[in-house]
Amino acid sequence: MTVTGFTRNPPFIDDLARSESGRLLRAELGRRWPETTDQLLTIARYALLPAGKLLRPIMTLHAAEAVGGSPRDVLAAALGTEYLHVATLVHDDIIDADTLRRGRPAVPVAFGIPDAIVAGDHLIFTAFAAIVDGGRAVPPGHVVAALAALAEAGQDLCRGQALEARLVGDLDAGARWYPEMIRLKTGALFRAVCHIGALLGGADPTVAAALARYGEHIGTAFQIRDDLLSYVATPEQTGKPATSDLNNGRPTLPLLLAYAAATDTARVELMAVLHRRGAGPGDVQWVTALLDEVDAVEAARRQLVGHAERARAELAVLAPSASADVLSGIATWMTSETA
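Quick note, the sequence shown lines up with residues 74 to 412 if you use my numbering.
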């Protein structure tokens, strides 16, 4: 099915990007990454600017403010979460041989693969430095815990990426490992951005842990939402071809749910489509019909809603505030325009 009026970034996210938090982050990002003649810094700046929606660092700021901290005090640390995120995008573009990122040549295309690898590595180490910089106003123990949260997220991201590579074209293994793969690949960084914000905002361990769980559920919902986009919106609306999932052979949730519910004959054909690693004549139409027949899109959406609701439930530890409302609003946005 296709959602009328779907936009990849509905008004809530656009408004969040234009909010005071978004403006603070963009101004600080520009200040910290000026134009330079240094080649390595030039590549890093190219990867970072112009910035995207900055959802992850915005969540860091609101997590800090929701527990009584000052967003300005954790600004550097919030940008650190963006550095890690962008570093993974640079490396992903190398792995996937993608040529475009945010409407222009990807870093490996613009600067070559060797320099792209080094620039991605540089952003990872800069992320850790940013956590230290952003933790000057809190007890050292909170800074150590925030560094540990970032390191754990980075390790999980790597495990998730490696696991995803092993699942390509294998719907049987995908059905078993998909939840763990997206928890590691996508949930881990969302977990870290909220945990870091809470820790550097001065939260006690119980509240910080609740916000970490909130972030992990948000990240898991985010990945399921991304999986659904090919089936609830047009390529013009999403910015990616309808054949994307079939071309890369990756077991997204709708495909896995369809595989589980299909007849043996349909299972064999679906596996064959993925093994072709490209949509042959009629493949997209056949897969779409199968998903409709077994109601796989709606089943995936129910899982998305479940994670969004579990995320929202974790916010019960927070006192009412504008930032708590923003965090709750992000959970609501995850389920929007996918019905």
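Cβ atoms here follow ideal geometry from the backbone N, Cα and C, with glycine treated the same way.
Just so you know, these numbers come straight off a predicted model, no measurement behind them.
Taking C-beta separations shorter than 8 Å and ignoring five residues to either side along the sequence, the partners of Leu-363 in its chain run Ala-331, Ala-335, Ala-339, Leu-343, Ala-369, following chain order.
Burial state of Glu-155 is buried, judged by a 10 Å Cβ sphere holding 16 or more other Cβ atoms. Of all C-beta pairs linking the stretch 267-284 to the stretch 218-236, three or more are shorter than 8 Å, placing the two stretches in contact. It is roughly 35 Å from the alpha-carbon of Met-132 to the alpha-carbon of Thr-361. For Ile-204, the number of other beta carbons within 10 angstroms of its own is at least 16, and it is reported as buried. Excluding residues up to 5 positions away in sequence, Asp-300, Leu-301, Tyr-304, Leu-364, Ala-369, Val-370, Ala-373 lie with their Cβ nearer than 7 Å to the Cβ of Pro-327 in the same chain. For the stretch 110-153, the continuous alpha helix (DSSP H) assignments of 4+ residues that do not extend past its boundaries occur at 112-121, 128-139, in sequence order. Between Leu-257 and Arg-232, the CB-CB gap stays under 8 Å.
When Cβ pairs closer than 8 Å are counted between the two stretches, the stretch 159-169 is seen to touch the stretch 187-194, the count reaching three or more. Taking one beta carbon from each stretch, the stretch 235-246 and the stretch 270-282 have fewer than 3 pairs nearer than 8 Å; the two do not touch. Assignment of Arg-177 by DSSP, reduced to helix, strand and coil, places it in the strand class. Our two residues, Leu-377 and Thr-109, have alpha carbons roughly 43 Å apart in a direct line. For Pro-212, there is no enclosing alpha helix (DSSP H), as DSSP marks it with neither H nor E.
The shortest C-alpha to C-alpha distance from Val-211 to any of Leu-157, Gly-353, Ser-143 is the one to Ser-143.
In the DSSP assignment, Leu-347 falls within the unbroken alpha helix (DSSP H) covering 337-348. For Ala-397, the enclosing alpha helix (DSSP H) stretches over residues 395-407.
When C-alpha distances from Leu-102 are compared across Val-346, Tyr-119, Gly-379, Tyr-251, the shortest belongs to Tyr-119. Leaving aside the five residues that flank Val-390 on each side, the residues in its chain whose CB is nearer than 6 Å to its CB run, in chain order, Val-280, Ala-283. Taking a C-beta distance under 8 Å as the contact criterion, Thr-293 and Gly-322 do not qualify as a contact pair.
Collapsing the DSSP output to three states places Ser-92 in coil. For the 8 Å CB-CB criterion, Ile-291 and Ala-404 form a contact. For Val-305, the uninterrupted alpha helix (DSSP H) segment begins and ends at 278-305. Residue Arg-145 holds the alpha-carbon nearest to the alpha-carbon of Leu-98 among Arg-145, Thr-199, Asn-320. One alpha carbon belongs to Ile-186, the other to Lys-126, and they sit about 26 Å apart. A straight-line Cα-Cα distance of about 19 Å links Ala-381 and Ala-395. Judged by their CB atoms, Leu-223 and Phe-201 are nearer to each other than the 8 Å cut-off. Rounded to the nearest whole angstrom, the C-alpha separation of Pro-354 and His-348 is 14 Å. It is roughly 13 Å from the alpha-carbon of Leu-262 to the alpha-carbon of Ile-197. Leu-152 and Thr-172 have their C-alpha atoms spaced approximately 25 Å apart. Taking C-beta atoms as the reference points, Val-159 and Leu-113 fail to come closer than 8 Å.
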